[in-house]
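Chains as they are written, first to last, in our numbering: chain A, 1 to 326; chain B, 327 to 652. Working notes, structure below.
There are 2 protein chains.
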Amino acid sequence: MPDNAKTQCLIGVDLGGTKILAGIFDTSFNCLGQVKISTKAHRGPDEVINRIARCVKDTVDECDLSMSQVRGVGIGAPGAVDTQEGRVIFAPNLGWENLQLKKSLEKQLEVPVFVENDCKLHTLGVFEAELKAKPKHLLGIFLGTGIGAGIIIDGKPYTGINGTAGEVGHMVIDINGPECGCGNKGCFEALASRRAIFRNIQAAVKKGQKTLLTEMLGDDLADLRSGDLRKAIRRGDKFVEKIIDQAAEYTGIAVGNLMNIFNPEVIVIGGGVVEQLEHEMLPIIEKVARKNALPGTSKGVQIMATRLGDDAGITGGAVLVMRQTK
Amino acid sequence: MPDNAKTQCLIGVDLGGTKILAGIFDTSFNCLGQVKISTKAHRGPDEVINRIARCVKDTVDECDLSMSQVRGVGIGAPGAVDTQEGRVIFAPNLGWENLQLKKSLEKQLEVPVFVENDCKLHTLGVFEAELKAKPKHLLGIFLGTGIGAGIIIDGKPYTGINGTAGEVGHMVIDINGPECGCGNKGCFEALASRRAIFRNIQAAVKKGQKTLLTEMLGDDLADLRSGDLRKAIRRGDKFVEKIIDQAAEYTGIAVGNLMNIFNPEVIVIGGGVVEQLEHEMLPIIEKVARKNALPGTSKGVQIMATRLGDDAGITGGAVLVMRQTK
């Protein structure tokens with residue numbers, strides 16, 4: 001472990017609907033260790049906050065460090081965040097509304113805590129720790145249970161006037177498409193998120209569709225994960241392949257739209273779905289996006305998958321602490 | 327005329343598919359005079375460039391000024407522009423490709439010429455000359471023959487990596503919608519631009535649809551203008567009203583998407599279609615946009631029509647000269 005890590009550690013936390021991942025970093029954003037525990041959102045916000053604090057302390061302990069060596073904690077929450085107050089405005093996957101996450105955690109951890117939307121933090125992590133040649137304008141698009149994005153303009157996170165910019169998952173691309181959780185029809189998220197993909201598969205299976213997935217997981221597909229889709233496709237399941245092709249095509253249209261709107265230097269695509277199905281999805285996403293965007297907005301724009309995977313969020317959390325405590 | 331105008335005049339030019347409008351401004355962006363002539367794009371680029379130069383000189387002469395008192399000319403072109411070189415990359419409504427507009431005009435006018443995309447210039451004009459309380463982040467959306475936008479972030483024009491950001495007209499919102507000139511289906515522009523509206527009306531009339539428009543203009547509707555639609559609606563034409571309601575609803579969905587993506591402080595809507603049909607369209611646009619956007623991205627965001635009308639482009643041209651020659 002480098003010397004400065006002993007006095008200046010940064011902690012990043014990725015808070016998801018199913019798991020909490022905490023990582024400890026030195027000031028060059030090298031990960032020194034990480035701990036993952038389940039979120040248990042059904043136990044209520046107080047219990048989840050206790051678990052986040054425990055996960056942070058366990059990570060520090062794993063690395064034989066103490067909280068006094070921690071400069072701060074940066075945490076990404078799956079929803080809308082008031083970054084000034086460190087308040088989670090709304091996080092549907094956790095069932096949270098208007099929660100003072102910063103205050104509660106600072107009381108327990110006695111170090112500064114910074115809260116940001118998870119996709120914005122993922123993007124910050126990719127920008128700072130993965131991309132060597134810093135792009136001027138970067139768009140990070142993340143496909144998980146939901147779909148969100150982070151925007152970096154002129155090397156700085158762009159968050160809009162309420163801090164809520166980047167809700168690309170609720171860009172309508174098929175006005176007559178399936179209903180979205182937000183109440184609209186045909187949002188990007190209602191067409192290509194993990195939830196949308198699973199819903200399409202489960203609906204087809206209920207109608208008698210044959211698939212290797214039921215052999216692997218049983219008829220109810222209760223434990224279905226993105227990785228299972230990859231396994232089924234690689235074992236020749238044409239039905240699952242078609243579902244994933246379709247999601248990739250919708251994603252390509254959304255990425256083409258965003259290329260036309262932003263004309264960024266780099267578009268990074270990540271999230272659990274893409275991490276598991278990059279090989280299957282990315283070529284289709286890129287092909288459709290470039291076909292759909294105007295030549296002038298697509299030319300020279302790089303489209304790539306993040307290599308950070310699950311670590312993007314915790315890395316971004318560490319970057320946030322670094323930027324906020326400079 | 328203020329004194330400094332005699333030594334420091336700024337000229338803005340709005341180059342459209344059908345007309346060239348030039349305006350002369352003092353350094354406080356007060357318009358001192360303007361001249362409008364037709365574009366005659368069919369006569370070819372050389373002739374159009376001659377006409378732009380003539381229009382600029384006529385405007386100067388109208389105000390009893392001379393070109394030696396002109397600090398520069400800012401011109402908005404309907405298409406993709408390389409602002410560094412002042413080159414029009416592609417302007418489909420003029421039939422232009424790869425045209426050195428800056429160089430050619432500077433030779434004729436002997437003052438500095440700056441070229442920008444027309445919608446970006448409209449937005450700059452609104453930002454600088456219309457909005458007293460400067461919004462931090464502004465989106466200008468303009469519905470004319472086509473649809474385009476200008477983006478201002480942190481008070482500065484955002485143009486992307488190739489200078490082509492803001493192509494919101496080619497955001498797909500109805501994946502199965504009508505074909506767009508760009509080759510995609512269901513672009514915003516293919517659903518709500520003047521061209522889309524006229525196409526829908528003419529197709530329905532061909533199929534026998536009754537409308538006051540044919541009484542006003544004859545069966546071929548050859549001289550149809552946006553203002554005629556307003557007149558027909560105000561005289562009770564339910565068919566035209568429905569067509570315009572539909573275009574406004576599509577626009578509302580597009581604006582909702584952009585609110586989710588940008589969460590700007592202000593969204594200004596303009597262009598020939600909205601200038602003529604503001605009363606009919608704006609309430610629908612705003613209602614649908616706010617219904618479609620997430621509460622967190624819509625809250626506090628102001629949606630308004632520009633009061634500058636046709637003058638937005640020339641005002642923006644003057645602002646561009648001011649910014650480039652500071």
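By construction, the Cβ of each residue, glycine as well, lies at the ideal position given by its N, Cα and C atoms.
- Query: Is Pro504/B closer than 8 Å to Gly512/B when the C-beta atoms are compared?
  - Reply: yes
- Ordered along the chain, which non-local residues of its own chain (more than five positions away) have a Cβ less than 7 Å from that of Gly272/A? Gly144, Arg194, Ser226
- Message: Do Thr325/A and Gly372/A have their beta-carbon atoms positioned less than 8 Å apart in this structure?
- Response: It is not possible to answer for residue 372/A, since the shown part of chain A is limited to 1 through 326.
- Using a C-beta to C-beta distance shorter than 8 Å, which residues of chain A count as neighbours of Cys508/B? Leu294
- Contact list for Met281/A against chain B, beta-carbon separation under 8 Å: Within 8 Å Cβ-Cβ: nothing; Met281/A doesn't reach chain B, min ~18 Å.
- How is Arg397/B classed by DSSP in three states: helix, strand or coil? strand
- Message: Along the chain, where does the beta strand (DSSP E) containing Leu364/B start, and where does it finish?
- Response: For the record, residue 364/B in the displayed sequence is Ser; it is not Leu. Element bounds for Ser364/B: 357 to 364.
- Item | 8 Å contact criterion, which Gly405/B and Ala367/B should meet: CB distance rounded | That belief does not hold up - the Cβ atoms of Gly405/B and Ala367/B are roughly 12 Å apart, past 8 Å.
- Query: Under a CB-based cut-off of 8 Å, is Asp637/B close to chain A?
  - Reply: no
- Flag Asn526/B as yes if its beta-carbon sits less than 8 Å from any beta-carbon of chain A, otherwise no. no
- Return no unless some Cβ of chain A is closer than 8 Å to the Cβ of Asp329/B. Any reading at Asp329/B must be qualified, since the residue scores a pLDDT of 48, below 50, and its modelled position is unreliable; the value itself is stated next. It does not: the Cβ of Asp329/B has no partner Cβ on chain A nearer than 8 Å.
- What do you get for Lys428/B, buried or exposed, if any count of 16 or more other CB atoms within 10 angstroms of its CB means buried? Lys428/B comes out buried.
- Query: How many Å lie between Ile197/A and Ile243/A at the Cα?
  - Reply: Straight across, the Cα-Cα distance linking Ile197/A with Ile243/A is about 7 Å.
- Note down, one range per segment and in chain order, each beta strand (DSSP E) of at least 3 residues found wholly within the segment 220 to 287 of chain A. Complete beta strand (DSSP E) runs here, min 3: 266 to 270.
- Answer with buried or exposed for Ser430/B, where buried requires no fewer than 16 other C-beta atoms within 10 angstroms of its C-beta. buried
- Ile253/A versus Ile501/B, Val374/B, Val531/B, residue with shortest Cα-Cα distance: Ile501/B
- Item | Residue-chain proximity (Lys332/B, chain A), Cβ-Cβ < 8 Å | Residue confidence for Lys332/B is low, a pLDDT of 49 falling below 50, so the modelled location carries little weight and cannot support an answer.
- Give the residues from the segment 250 to 264 of chain A that approach chain B closer than 9 Å (Cβ to any Cβ), ordered along the chain. Tyr250, Ile253, Ala254, Gly256, Asn257, Leu258, Met259, Asn260, Ile261, Phe262, Asn263, Pro264
- Using a Cβ cut-off of 7 Å, which residues of the segment 399 to 425 of chain B contact any Cβ in chain A, in chain order? Ala406, Ile415, Phe416
- Looking at the structure shown, is Val414/B part of a helix, part of a strand, or coil, going by DSSP? strand
- Item | For Lys345/B and Met259/A, the rounded distance between their alpha carbons | A direct Cα-to-Cα measurement between Met259/A and Lys345/B gives close to 30 Å.
- Task: Look up Ala190/A in the DSSP assignment and say whether it is helix, strand or coil.
- Result: helix
- Item | Spatial distance of Ala638/B from Leu646/B (CA atoms) | 12 Å
- With Lys134/A and Gly155/A assumed to form a contact (beta carbons below 8 Å), what rounded beta-carbon distance in angstroms separates them? 6 Å
- What's the gap between the Cα of Lys362/B and the Cα of Asp384/B? 10 Å
- Query: Can you tell me whether Arg525/B is buried or exposed, with buried defined as 16 or more other CB within 10 angstroms of its CB?
  - Reply: exposed
- Query: In chain A, what lies closer than 9 Å to Met630/B by C-beta?
  - Reply: Here the premise fails: no neighbours, minimum Cβ distance about 15 Å.
- Supposed contact pair Gly150/A and Pro590/B - C-beta distance, whole angstroms, cut 8 Å: About 17 Å; that fails the 8 Å criterion.
- Chain-ordered neighbours of Ala491/B on chain A, where CB pairs are closer than 9 Å: Chain A residues near Ala491/B: His137, Asn260, Ile261, Phe262, Asn263, Pro264, Thr297.
- Reducing DSSP to helix, strand and coil, say where Glu128/A ends up. helix
- Message: Within 10 Å of its beta-carbon, does Glu373/B have 16 or more other beta-carbons around it, so buried, or fewer, so exposed?
- Response: exposed
- Query: Helix or strand or just coil, what does DSSP make of Glu432/B?
  - Reply: Here Glu432/B sits in helix by DSSP.
- Could you tell me whether the Cβ of Asp118/A comes closer than 8 Å to any Cβ of chain B? no
- Selection from Leu465/B, Leu336/B, Gly412/B that minimises the alpha carbon distance to Cys389/B: Leu336/B
- Proximal chain B residues relative to Ile175/A, where beta-carbon distance stays under 7 Å: Ile499, Asp500, Ile579
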